[in-house]
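Numbering (our numbering), first residue to last: 65 to 585.
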């Protein structure tokens, strides 16, 4: 016998199975405190693996774990697995636990507590074989949810590769009351690829029917949809809807606090009238709105000027992502956001002129009240306007970027992010502040993030930093504005030039970061 094995064997023999092991500190903790620790671990892990783990450590822990329902409120299901899923029995009837034993056990142990459901797709490791749940498995799981769990579901988080899988998972939930549902997050990951493609009707399955009007009434009024949502989903507050075929005229989610509609492929987007109706059913409660590729392309003619804009009095965060500038213009012209504080505007196509979007932004949004502005891919034809001519110039005669910078300077802007945007933003930031006194525009910023894609833009950013430092010099000492945080992401071609700037006096924290690979948020 090798020495190592002989030693191991000797150690095992020397252990007396009846000998009480030394007491560890965790052994003297009261059960109440142990349960607090277990609960924290279970909720931090985001799945029930932790709960299963502690229930198999020892007899006393097992008794505690399986008897505490709050440890079993996360129901997780992986769409792929290294092992084949159990076959669905041919004999009827059969117990769902024969196919989904783990999931059935979680539901049983959760007693009457509300449940959060997570269904996710995991990419296989290299050379790893994984088995995928079949359509029959997904439909069976949907029926299991409808029959045994729907009345206790607090949130659903489904992320699948294709929208068909979402459809199957939701198939049996149509028209089922879910009185405790607060969050509904459904994502078809493939939508990020096909978002700019025109998909024919033959390629689309039946629309996903969760959050759909439950009756067959035609036509339906906005009030009908609101009533249906109030009856079936009275606690619903947050909806994340990404890349799913949807009968938007029957989409009934109402009284929402957050609404995120993302990545709707061409030909499957709601009309402006329908979208306005959807949002109007949450107009008195909505605080956060994200619209990413959602406007019907058939309506992308000249953006209309609505006679009456729908006021959304409580929205503080708005994100608009568009392929065509008219998409963003439609939203800015259709809705009023008097309480808006955080705004993100993201152009899918950096080569597209977004001047019209900024014009409407200045016209329809109270930009002076913004605290956080994030601009991504915003390009405009380069404009020059000598700073010496500002004194006698009318506001409307200024380049649109300069108008925006000056109005932001008058306001309370706290943070600014410029990602892959034209250089004019930085140029006009170094123009003199209207208040005078040698101050530059946006001298009161707390944080600034600038990210550029190519070497020429990187050179422009360094020039901006150098000029801003120069403008803040008084008798050889920098006395200009100092940011709390600044992150500048540029290409390595300007590394030596940034080092020549010396100590970064524009900010207390942050600085330059050099990347060859462009990372897109």
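No residue lacks a Cβ here, since even glycine has one placed at the ideal position from N, Cα and C. Since this is a predicted model, take the numbers as computed values, not measurements.
Margin query: At the level of alpha carbons, what is the spacing between residue 208 and residue 184?
Written below: 18 Å
Margin query: Taking 8 Å as the limit between beta carbons, can you name the residues of its chain near residue 76, skipping five residues before and five after?
Written below: Any reading at residue 76 must be qualified, since the residue scores a pLDDT of 37, below 50, and its modelled position is unreliable; the value itself is stated next. Excluding residues up to 5 positions away in sequence, nothing lies with its Cβ nearer than 8 Å to the Cβ of residue 76 in the same chain.
Next item on the list: Provide the residue(s) that pair with residue 511 in DSSP beta bridges, ordered along the chain.
Entry: 479 and 549
Note to self: Could you pull the DSSP bridge partners for residue 182 from this structure?
What the structure shows: 140 and 221
Margin query: Within 10 Å of its beta-carbon, does residue 463 have 16 or more other beta-carbons around it, so buried, or fewer, so exposed?
Written below: buried
Check: When DSSP labels each residue in this structure, what does residue 291 get in the three-state scheme?
Finding: helix
Note to self: Helix, strand or coil for residue 158? Go by DSSP, reduced to three states.
What the structure shows: DSSP places residue 158 in coil when its eight states are reduced to three.
Notebook entry, point to check: With contact counted as at least three CB pairs below 8 Å, one residue from each stretch, are the region 300-310 and the region 248-256 in contact?
Noted result: Contact between the region 300-310 and the region 248-256 is present, because at least three Cβ pairs lie under 8 Å.
Check: Less than 8 Å separating the beta-carbons of residue 45 and residue 350?
Finding: Nothing can be reported for residue 45: it is not among the residues displayed for the chain, which extend from 65 to 585.
Item checked: Residue burial classification, residue 156 (beta-carbon count within 10 angstroms, cutoff 16) -> exposed
Item checked: Sequence ranges, beta strand (DSSP E) only - wholly within the region 348-421, length at least 3 -> 352-356, 381-386 and 406-411
Note to self: Assuming residue 177 is part of the beta strand (DSSP E), what are its boundary residues?
What the structure shows: Looking at the DSSP string, residue 177 is not in any beta strand (DSSP E), and its letter there is neither H nor E.
Check: Are the beta-carbon atoms belonging to residue 357 and residue 396 less than 8 Å from one another?
Finding: no
Item checked: Closer than 7 Å: residue 395 CB and nearest the ligand MN heavy atom -> This structure simply doesn't include the ligand MN, nor any ligand for that matter.
Note to self: Rounded to whole angstroms, what is the Cα-Cα separation between residue 196 and residue 235?
What the structure shows: 19 Å
Notebook entry, point to check: Counting Cβ pairs, one atom from each stretch, are 3 or more of them under 8 Å apart for the region 451-463 and the region 421-435?
Noted result: no
Next item on the list: Identify every residue that forms a DSSP beta bridge with residue 436.
Entry: 406 and 479
Notebook entry, point to check: Which runs of the alpha helix (DSSP H) spanning at least 4 residues fall entirely within the region 291-344, listed in chain order?
Noted result: Entirely contained in the region 291-344, the alpha helix (DSSP H) runs reaching 4 residues are, in chain order, 336-344.
Notebook entry, point to check: Excluding the five sequence neighbours on either side, which residues of its own chain have a C-beta within less than 8 Å of the C-beta of residue 537, listed in chain order?
Noted result: 543 and 544
Note to self: Can you tell me whether residue 372 is buried or exposed? The criterion is at least 16 other CB atoms within 10 Å of its CB, across all chains shown.
What the structure shows: exposed
Check: Looking at residue 275 and residue 214, is the spacing between their C-beta atoms short of 8 Å?
Finding: no
Item checked: CA-to-CA distance, residue 458 to residue 511, given in whole angstroms -> 30 Å
Next item on the list: Buried or exposed for residue 572, please, with buried defined as at least 16 other CB atoms from any protein chain shown within 10 angstroms of its CB.
Entry: Flag for residue 572 reads exposed.
Notebook entry, point to check: Near residue 216, which residues of its chain fall below 8 Å by C-beta distance, leaving aside the five closest residues on each side in sequence?
Noted result: 174, 176, 177, 178, 179 and 244
Checklist line | Helix, strand or coil at residue 251 [DSSP, three-state] | finding: strand
Check: Under three-state DSSP, which class holds residue 583?
Finding: Because the pLDDT of residue 583 is 49, which lies under 50, any placement of that residue in the model is unreliable, and the question is left without a value.
Notebook entry, point to check: Rounded to a whole number of angstroms, what is the C-alpha to C-alpha distance between residue 69 and residue 136?
Noted result: Confidence is the limiting factor: at residue 69 the pLDDT is only 36, short of 50, which leaves the residue's position unreliable, though a coordinate-based value still follows. Taking the straight line from one Cα to the other gives about 41 Å.
Check: For the alpha helix (DSSP H) that residue 473 lies in, which residues bound it at each end?
Finding: 464-474
Checklist line | CB of residue 141 within 8 Å of CB of residue 172, strictly | finding: Cβ atoms of residue 141 and residue 172: not closer than 8 Å.
Item checked: residue 577: first and last residue of the uninterrupted beta strand (DSSP E) it sits in -> 571-578
Notebook entry, point to check: Is it true that the CB of residue 239 sits closer than 8 Å to the CB of residue 278?
Noted result: A contact, by the Cβ cut-off of 8 Å.
Margin query: With three or more beta-carbon pairs closer than 8 Å as the criterion, would you say the region 472-484 touches the region 432-444?
Written below: yes
Next item on the list: Name the two residues that bound the continuous alpha helix (DSSP H) containing residue 531.
Entry: 519-535
Next item on the list: Using a threshold of 8 Å, state whether the C-beta atoms of residue 402 and residue 430 are closer than that.
Entry: Going by C-beta atoms, residue 402 is nearer than 8 Å to residue 430.
Item checked: residue 195 (DSSP reduced to helix, strand or coil) -> strand
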